[in-house]
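J.: Using our numbering, read the sequence shown as starting at 1 and increasing by one per residue.
We put the CB at the ideal spot given by N, CA and C, even for glycine.
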Amino acid sequence: KYTSEPFAEDIEITGPVALYFHAALSTDEANWMVDIKEVTRNLYLVIFSIG
């Protein structure tokens, strides 16, 4: 689980999003999932993308 520090300013994410991920595993197979979410100041969770 990775959560960034709060942004100093509002941002806009437009268009397709890509994650370039490199990992080393000690197993034959694995499943990875990336969710893009916003956690608001009052801790409300907004889900933008799951996949």
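Using only CA atoms, which one of 10, 17, 40 lies nearest to residue 50?
T.: One-based indexing of the sequence shown puts residue 50 at position 50. Here the closest residue by C-alpha is 17.
J.: Taking the alpha-carbon positions, what's the residue 37 to residue 12 distance?
T.: Here residue 37 refers to the residue found at position 37 when the sequence shown is read from its first residue. Here residue 12 refers to the residue found at position 12 when the sequence shown is read from its first residue. The straight-line gap from Cα to Cα measures roughly 13 angstroms.
J.: Of the choices 22, 46, 42, 14, whose alpha-carbon is the least far from that of residue 35?
T.: Your numbering for residue 35 matches position 35 in the sequence shown. Looking at the Cα atoms, 46 is the closest of the given residues.
J.: Helix, strand or coil for residue 48, going by three-state DSSP, please let me know.
T.: Numbered from 1 along the sequence shown, position 48 holds the residue referred to as residue 48. Strand at residue 48.
J.: Going by the beta-carbon positions, is the gap between residue 3 and residue 39 smaller than 9 angstroms?
T.: Working through the sequence shown from its first residue, we reach residue 3 at position 3. Working through the sequence shown from its first residue, we reach residue 39 at position 39. Yes; because the gap between Cβ atoms is below 9 angstroms, this pair is in contact.
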